[in-house]
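In our numbering, the protein residues as written are 24 to 206. All remarks here apply to the structure that follows.
This is the structure:
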């Protein structure tokens with residue numbers, strides 16, 4: 024009888040060890056499969072993020088193209104006034120003083136419509152850089168023809184503040200373009 028109990032206990036131990044070994048092997052296989060799927064998911068997420076970024080950039084580019092294609096022979100007064108308003112808002116955001124803002128139509132290449140703007144500003148170098156960066160971020164085809172920076176004249180009534188950024192008189196000539204749509 025004692026031998027039966029020992030045999031029974033040994034059989035239980037062998038079954039327990041076999042059960043734990045099979046379970047451990049199964050868990051290890053599942054962990055390996057999870058790690059493989061995890062790496063595939065990470066790669067897919069990176070590709071998805073890249074695709075989202077590319078889609079965003081392409082949609083911005085498409086917006087610029089849509090804004091730049093036209094069937095009209097020139098810029099409308101509303102478009103010119105809207106662009107001037109945008110320039111004024113950008114300058115106001117950067118605390119830039121606009122002394123002069125004028126527009127003119129220049130001869131442009133066939134297939135292009137060009138509107139040129141002459142700006143005279145007073146700003147620091149940092150403000151000028153930020154303003155130009157803001158202009159380039161607009162949804163227009165834009166070209167800067169000339170940029171002239173000279174020290175701003177300080178009147179006798181104004182006293183320079185110590186530590187304040189130097190102000191410069193900036194003359195900026197820029198053009199926005201539209202492409203004539205061929206039907």
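Built from N, CA and C at the ideal position, the CB exists for glycine as well. All figures in this text were calculated on a predicted structure; none of them were measured in a lab.
When the options are compared against residue i, the one with the closest alpha-carbon
i           : options               : result
residue 203 : 46, 45, 94 and 27     : 94
residue 196 : 25, 60 and 129        : 129
residue 194 : 146, 162, 165 and 188 : 146
residue 104 : 138, 81, 91 and 118   : 138
residue 141 : 88, 32, 110 and 42    : 110
residue 123 : 107, 115 and 144      : 144
Unbroken beta strand (DSSP E) run spanning residue i, endpoints
i           : result
residue 139 : 135-146
residue 122 : 120-127
residue 173 : 164-174
residue 198 : 191-203
Nearest-angstrom Cα separation, counted from residue j out to residue i
i           : j           : result
residue 190 : residue 175 : 6 Å
residue 131 : residue 112 : 27 Å
residue 70  : residue 48  : 33 Å
residue 133 : residue 96  : 11 Å
Per-residue burial, residue i [other beta carbons within 10 Å of its own, 16 or more giving buried]
i           : result
residue 79  : exposed
residue 198 : buried
residue 84  : exposed
residue 28  : exposed
residue 116 : exposed
residue 54  : exposed
For residue i, the first and last residue of its enclosing alpha helix (DSSP H)
i           : result
residue 37  : 25-91
residue 113 : 100-116
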